[in-house]
Structure formats: structure tokens, C-alpha cells
Amino acid sequence: MKISRWLALAGLAALPGMATAADIDGSALSVLWGVPFAGLLLSIALMPLLVPSFWHHHFGKVAAAWGLAFLAPFAVMFGAPAAGISLVHALVAEYIPFVILLTALYTVSGGIYIRGNLHGSPGLNTAILAIGAVLASFMGTTGASMLLIRPLIRANDNRKHVAHVVVFFIFIVSNAGGSLTPLGDPPLFLGFLKGVDFFWTVSHIFPETLFLVGALLAIFYALDSWYYHRREETLPVDPTPDSRAIGFDGKLNFVLLGVVVALVLASGFWKSSVSWTIAGAEVGLPGLMRDVGLIVVALVSFKLTPAQVHADNQFGWGPMQEVAKLFAGIFLTIIPVIAMLKAGTSGPFGAVVSAVTRPDGSPDPAMYFWATGALSSFLDNAPTYLVFFNTAGGDPAVLMTTLAPTLAAISAGAVFMGANTYIGNAPNMMVKAIAEDRGVKMPSFFGYMLWSGGILVPLFVVMTFIWFR
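Residues 888 to 1356 in our numbering are what the sequence shown spells out, letter by letter.
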């Protein structure tokens, strides 16, 4: 029996005692509880380099093994009910809604085929990245990434150097572009659910977003032009021959994409007192209806999209399966790390929490920007956003007014710095998987960090001195 089934059975077996199990007290934990999470991150970083064949065939088992490395000792130390409620809460309250939304966006976007042969010149590539940056705040970084990454790769399949195009796509479309509305990125959506106004982010971090996206587009155009005008950059024969006029197939999915956006938006605006408690995790009616609706949308899209569109798009479930399996391990092993952060100054990571506060007790926006961003680069950026949102007081009315610079710093750090690593934001890994599936030799985990460290980090330093002092 697969390990994932054992995990599910373990959760069901613990159900009777979960209702009364207490939340994890992060102040009582040792930093050693973060070892499984660190081990999973190192596995993601190193195993594709050291044992690529083993990783390709068994990455799901590796993620499950690290999950058990946390869950089994935790059950022994704190009891099965505490371990069970942690598992179920991670599944019901966080992981399942996360995967459902990603699956819906992946399926719908994969049902839209941009036909015709675009030619990947520096001007065209820059235009696609700019369009993706705009779309990301309205259809989510995942939706925009899944819609545009395939035609972008196809447009450049006659060039020898393509990896830099995908890297900048991750920087711009999969991250920075999603900073203007709660629809763009999960951290901002959580802020919206906590009471932050829908248009607050666009009115407070638009200059930062414009600077970052504009600078990245300019750097990309210069770099891509250098590659493009080198000798023997273009292959003798274009793998994608010129054919029909440029247009769209699978137009029904544009309507379904609108339905996805409407469902996500409605779940935030709709307030209902109806909720259920499943083994300690509260499931509200708006969230439940959103998830059911997203499942229906995904099924309708997959069923009604012509098979030829999926074939032309080279649509497959491999990238989605990779993200789902790896993030299952991340969501599970991250539990004690988030608990220790939530413990504030009394927890093992008290130094991190103390670092964001000035000597006079007021919040330091620059430190909030970097602390939120640094953790969002390796932890899931949504719970990281919530940790620092609560560290700053957790009152949306105060954060949107008196502490507006602090909330802007938290929002920008969570969204922008998710681009620092492949695991900082879910679309990063999906885009990488799709690119590799189409023959693009992408940088390794640390190789990608050289790109982000050399390009993004200096821009973040400049932004700190301009906006977050």
C-alpha cells in the first residue's frame, strides 16, 4: 500500500480524539522539529543533481518519507490526537483548497491553445512577459503562468538559449505580476479574507510593482537581445512550422477562467455563519462552495475541451502531479516551523520576530520586508504572510492606515521574494516542470538562486532604500 494511503488511514484512525486536541505550542518545540522540512528542501535542491534518475521516479516517496519523519515522532512525543489534528488541519484547511485551485487553473489554462507560430524575438518575448505581468493580478500567477508558458516556449523552440526566458518568466509572471489584487497571489487573498480592502494593495504597492516589473523587463530585453544576436543562436529548422493564422482554440476555457475568478472572489466577499468542524479544522460554507465549484469547472474543462487542443498543447498531468506531491510534503513538514514562528519572541525563532521591531517598539518596514521575503523564499508564502500580519498586530483597520508602510512591506516581501527559489511559489515549480518536459535545460535549484541573487536581490535592496525605510 502506498505511503500516501497510510497517511490517510492514520488521519482517519485518529479522528475520534482530534476534536479536543490542542493547537501546537511553538514555544515548547525545539528547532530540531524543523529538520524534516529542511531535509525536504535539501532533497528538492540536491537530489535532481546527484541522483536524477532516482528523483525522477521516486520524488513522491521522498516527500512522503520526510512527512513521516515529522509525523511519526510527533505522534510518539505528543500523542496521536495532536498529530492527527495537525495532519487533518494541513489537509483540510490548507493543502486541499490549495491543490484544488491549482488544478482548476492548470486544467482550464491547459485547455487554451494559442495557435500559430510566434517567433521568439527579444521584442516579442518582452511583450509576452509584460502581458503576463498584467494578467497575473487578475487571473492569478498560476493562471497567467499556465496560459502563457507553453506558447512562450514554443515561440523560442528554434533558439539554443531558452532557459533565461523561462527564468525571467518566473520572476515576472509567476511572482511580481501578482502583487496588485487578492486574486493575484495567495498571501494577498489571505489578507483579503482577514479584512484588507480589495483595492488596498494596488493603491499602496503599485509604484514598487511598476519599478520591479519595469526593471526586470528592461534587463531581460538587454540580455535576450545579446543572446538573440549571437552567431548560431537560431536553429537551421524551426521545430514549429508556420501554419494557421495566430488565434485561440478552446475558447470555452476563457469563460471557465472567468468562473474560477468569480468563485475565488465570491468566497472572499460572501460572509456566512454556516461552518463545519472536521477534526478540529473549520470549513466554512463559502470556502466549501468555492472548492466544489472549482472541481466542477476543472471537470467541465477537461471533458469539453477538444482532444486536439490538449494534444496541440502537449497537455499532461506530470507537472501538476509533481507540484501536488512535493507540496504535500512541504505543507506537512512546515507545521512545526510555522508554529515556532507563531510563538513570537518566546519561540525558538524569537530572534527573527524581534528583528522586525525597532527599539522604541514600532515596526520596522524594512525588516518586515526582508524577514517576510526571506522566509517566503523557502516557506510557503501564504502562512508566512499571516505570521507577520499577526506579528504586526493583526488588526486590518490599523494596518491599512497607521501601519500602512508595514503592511505594504509584508505584502511586497511575500509576493516579490517568492521568486527567489523554485519553491517560493507554486507556479515556479510548475513552470520549471513544463519547461523541462519540453526539453528546456533549466538551472538547478542553486543555479536558479544564482540568477535570483544576482538580479532580484539588488533590485530589492534599491526598493528598500526608496520605499521601506
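We treat Cβ as the ideally placed atom computed from N, Cα and C, and that holds for glycine.
Asked, Found
"M1316 Cβ short of 7 Å to the ligand COA heavy atom set", "Inclusion of the ligand COA in the displayed structure is not the case, the ligand content being empty and no account of it being possible."
"Length of the line joining the Cα atoms of V1285 and A1299", "18 Å"
"R1356 in three-state terms, based on DSSP", "coil"
"Whole-number beta carbon distance between F1098 and F1359, since they are thought to touch under 8 Å", "Given that the chain is displayed from residue 888 to residue 1356, the structure contains no residue 1359 and the question cannot be resolved."
"Residues bridged to R1245 [DSSP beta-bridge criterion]", "The partner list for R1245 (beta bridge, DSSP) is empty, contrary to what the question assumes."
"Backbone CA spacing between A909 and F961 [nearest angstrom]", "Confidence at A909 is low in this model, with a pLDDT of 41, below 50, so the placement of that residue should be treated as unreliable; the coordinate-derived value is given next. For A909 and F961, the distance between alpha carbons rounds to 14 Å."
"CB contact flag (V1243, T1278, <8 Å)", "yes"
"Three-state class that DSSP yields for R1117 in the structure shown", "coil"
"The beta strand (DSSP E) enclosing T994, as first and last residue numbers", "Looking at the DSSP string, T994 is not in any beta strand (DSSP E); the run it does join, the alpha helix (DSSP H), is 983-997."
"Coil, strand or helix - W1163 by DSSP", "strand"
"L1228 vs V1274 beta-carbon contact at 8 Å", "yes"
"Residue interval of the alpha helix (DSSP H) (run including R1177)", "1172-1191"
"Member of V918, L1294, R1177 whose CA lies at the smallest distance from the CA of P1235", "V918"
"C-alpha distance - W1338 paired with I1057, whole-angstrom precision", "11 Å"
"Beta-carbon proximity list for G1216, same chain, < 6 Å, skipping 5 on both sides", "L927, A950, W953, G954"
"C-beta contact flag for G1064 and A1023 at 8 Å", "yes"
"Same chain, Cβ closer than 7 Å to V1318, neighbours up to 5 away in sequence not counted", "S1032, I1036, V1053, F1056, I1057, S1061"
"Buried versus exposed, by CB contacts within 10 Å (16 or more), M964", "exposed"
"Beta bridge counterpart(s) of Y1000 as assigned by DSSP", "D1136"
"Spatially closest choice to P1193 from G997, F1218, E981, H945, by CA coordinates", "G997"
"Reduced DSSP category for P1250 - H, G, I as helix; E, B as strand; rest coil", "strand"
"Cβ shell of V1100 (< 7 Å), same chain only, five flanking positions each side left out", "A1020, I1059, A1063, G1064"
"DSSP state of R1037 mapped onto helix, strand, coil", "helix"
"Beta-carbon gap between Q1201 and R1325 smaller than 8 Å", "yes"
"Segments of 4+ residues assigned as alpha helix (DSSP H) that fall wholly inside the segment 1195-1220", "none"
"Cβ contact (3+ pairs, closer than 8 Å) linking the segment 1005-1017 and the segment 1331-1347", "no"
"Start-to-end residues for the alpha helix (DSSP H) that takes in M934", "922-937"
"Length of the line joining the Cα atoms of A956 and F941", "20 Å"
"C-alpha gap between L988 and V1240, whole angstroms", "31 Å"
"Exposure of I1310, with buried meaning 16 or more beta-carbon neighbours within 10 Å", "buried"
"Beta-carbon contacts of F1256 that lie in its chain and below 7 Å, excluding the five residues immediately before and after", "A1296, A1299, G1300, T1351, F1355"
"Residues near V1161 in its chain [Cβ-Cβ closer than 6 Å; skip 5 each side]", "L1172"
"Local conformation of A906 per DSSP, three classes", "Because A906 sits at a pLDDT of 37, beneath the cut-off of 50, its placement in the model cannot be relied upon, and the point is left open."
"Closest residue to M1254 among A1238, L1191, L1110, K1328 (Cα-Cα distance)", "A1238"
"Contact under 8 Å by Cβ, N1268 with G1305", "yes"
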